[in-house]
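*Asks:* For the record, the sequence lines run as chains V and A.
Each residue of the first sequence is one higher than the last, beginning at 1 in our numbering.
Each residue of the second sequence is one higher than the last, beginning at 1001 in our numbering.
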Amino acid sequence: MAQLPRNIYEQQSANRRNTILVMALFILFFGFLGFGFDYFILGFWEEYPGGLHGTDFPFATAGALLFGTISAAWSLESGAKTVLSSAGAEPVVPGDPRYQQLSNVVDEMTIASGLPRPQLYIIPDPDPNAFATGKDPQHASVAVTQGLVDKLDRDELQGVIAHEMSHVRNYDIRTMTVVAALIGAVMLLSEYGLRMMRFGGGRKRSSSSRGGGVGSAIFLVVWLVAMLLAPLIARILAMAVSRQREYLADASGAELTRNPGALAAALKKIDDAVDPTRSIKKGTAHLCIADPLGGEANDREGFLADFFATHPPIARRITLLKAMAYQHV
Amino acid sequence: MTFFVGFIVLVMVVLLWVVVQYNRLVTLRNQTENGWKQIDVQLKRRHDLIPNLVNTVKGYMEFEQETLEKVIRARNAAVAATGVADAAEKEGALTGALSRLFALAENYPNLKSNENVRQLQEELSSTENKISFARQFYNDIATRFNIAQQVFPGNIIASLFGFQRSELFEVHDAGEREVPDVNLSLKK
């Protein structure tokens, strides 16, 4: 399934388009869930014998659309802040001697890429991992775990930072951050919706009150399944948008350092640290340089593994990087 | 009448295209100039760091007075350099003197364990990296600027408005181009 990386200009415009597409899909999905709620639970447009009728304004649809739009706008504006705080990331104070080398490496990659300097964060977690987030290169943040600083040497650190700077330059961070924030919203809504339905359904014996036949029943099933599977669908979407970007970020990161071997060595060390990165929650896994589940998640290959992984297998990434460095595998 | 309108539209489209091309070239020229200035910023930083480093290591490296003096002399020559070619040569000599100093420092365990020296050394090697990354960035952006001036039809606009190609940064000192000796014995 691995295609060759596209060039960064194509990637930038694709990311701008994808962000809008993801947000539109999300708002539509919310509207759909809301409409089902109107239809089955609030009894929208429903006629009862004796002139009684349900609500004649689709409150839930309107509410869900409004909520969806606000969440989408919010995810773009402050998704990065949410992602950083959910990982427990803390800003690095300039001049902190512990992170002198890391800060220098970030400065170096800032110069090499010609981008504004990103905010630098440390995640107090012993497992090596890193991610970048933000709305655009002017408002970007790079977060690395304490384990990454401890385990990697200077060149390897540089390789990882270059990889993250490429995500910043390609606008991957925008798409990925919006996806991360929206996954959170979908999970929340799905849980809330199911709870509401148990409560509402009991009161109105939902399906029987609706005279509606087969069409209505099919809609009910689709709606329920959509609600139940929403978190899973959202995560599969995140995985799909994430995998391809990793190859491109590896390649353009190597273009910044002109040292693909160092990134390959860094990936090897990250892969060898089998512990999961506990600080990083499932909903933000697709942002990281390597799957925070650690160990086996990074070694799987094959179609099914491809389908369910947020990241391409590390072995394959290392092979590609070593080929760039003319090293024999 | 339709012919006239069509003609006006055509002229407008051509003018718009010229404006877009011209602005692109101006943007690239400014980015190239800025890229060049970034190299100077990093070189200046290196000049400022060196006296500090020499003062800190002096006590530990009494027997290497000559090397230290060479570094200081190379630094002062680089500060005083005038013109691009001259500066490139003097900065190259300074890079050589510094790497010799760092190589010698490996022989002084006390020196390596000194926190101040370690920090200064990190700052200096980072500055070395920044200089080469600033050069790399300059060469990348200058190449884009030059390509934009040479490809058709950008070359028409470029020659019309007198854009000049930027010179790429090259390694002038033949010694720098040589492959360094590789020590194949294991370190530890």
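We put the beta carbon where it would ideally sit given N, CA and C, even for glycine.
#1: If the criterion is Cβ atoms closer than 7 Å, does the pair Ala249 (chain V) and His311 (chain V) meet it?
#2: Residues of the region 80 to 108 of chain V with a CB closer than 7 Å to any CB of chain A: list them in chain order, please.
#3: Answer yes or no: do Leu293 (chain V) and Pro313 (chain V) have a C-beta to C-beta separation smaller than 7 Å?
#4: Let me confirm a value: Trp1036 (chain A) is counted as buried when at least 16 other C-beta atoms fall within 10 Å, else exposed. Which label applies?
#5: Output yes or no for whether 7 Å exceeds the beta carbon distance between Val142 (chain V) and Leu120 (chain V).
#6: At the level of alpha carbons, what is the spacing between Ser85 (chain V) and Asn1155 (chain A)?
#7: Give the residues of chain A in contact with Ile122 (chain V), contact being defined as C-beta atoms less than 8 Å apart.
#8: Mind checking Trp1017 (chain A): buried by the 16 CB within 10 Å criterion, or exposed?
#9: Going straight from the alpha carbon of Asn15 (chain V) to that of Val178 (chain V), what length do you get?
#10: Using a Cβ cut-off of 7 Å, pull out every chain A residue sitting near Ile111 (chain V), in sequence order please.
#11: So which residues on chain A does Gly253 (chain V) lean against when the C-beta distance must stay under 7 Å?
#12: Measure the C-alpha to C-alpha separation of Leu1104 (chain A) and Glu10 (chain V) and round it to an integer number of angstroms.
#13: State the DSSP-derived secondary structure class of Tyr99 (chain V), mapped to helix, strand or coil.
#14: State the Cα-Cα distance for the pair Gln138 (chain V) and Ile41 (chain V), rounded to the nearest angstrom.
#15: Assuming Thr133 (chain V) contacts Ile173 (chain V) (C-beta within less than 8 Å), just tell me the rounded distance between them.
#16: At 3 residues or longer, and completely inside the region 129 to 179 of chain V: list those beta strand (DSSP E) runs for me, N to C.
#17: Against Gly114 (chain V), what residues of chain A qualify as contacts under a CB-to-CB distance less than 9 Å, listed in chain order?
#18: Let me know the secondary structure DSSP gives Glu1062 (chain A) once reduced to three states.
#19: Measuring straight from C-alpha to C-alpha, what distance separates Arg1165 (chain A) and Phe1152 (chain A)?
#20: Going straight from the alpha carbon of Asn1034 (chain A) to that of Phe32 (chain V), what length do you get?
#21: Starting from the N-terminal side, write out each stretch of the beta strand (DSSP E) that is 3 residues or longer and does not extend beyond the region 211 to 243 of chain V.
#22: Please return the same chain residues whose Cβ sits closer than 6 Å to the Cβ of Ala1078 (chain A), not counting the five positions on each side in sequence.
#23: Can you grab the Cα-Cα spacing for the pair Gln101 (chain V) / Ser1126 (chain A), in whole Å?
#24: What does the Cβ neighbour count give for Val1057 (chain A), buried or exposed, with the cut at 16 atoms within 10 Å?
#25: I want to see whether chain V comes within less than 7 Å of Glu1122 (chain A), judged by CB atoms only; does it?
#26: Could you check which residue in A:Asp1040, A:Asn1110, A:Ser1132 has the C-alpha nearest to that of Thr1082 (chain A)?
*Replies:* Reading from the atomic positions:
#1: no
#2: Pro97, Gln100, Gln101, Asn104, Asp107, Glu108
#3: no
#4: buried
#5: yes
#6: 51 Å
#7: What Ile122 (chain V) touches in chain A: nothing, since even the nearest Cβ is about 18 Å away.
#8: exposed
#9: 11 Å
#10: Gln1038, Lys1130, Phe1133, Ala1134, Phe1137
#11: By Cβ distance, chain A contributes nothing, its closest Cβ being about 13 Å from Gly253 (chain V), past 7 Å.
#12: 48 Å
#13: helix
#14: 46 Å
#15: 5 Å
#16: 130 to 134, 140 to 145
#17: Gln1031, Asn1034, Gly1035, Gln1038, Phe1137, Asp1140, Ile1141
#18: helix
#19: 15 Å
#20: 51 Å
#21: none
#22: Lys1090, Glu1091, Leu1094
#23: 8 Å
#24: buried
#25: yes
#26: A:Asp1040
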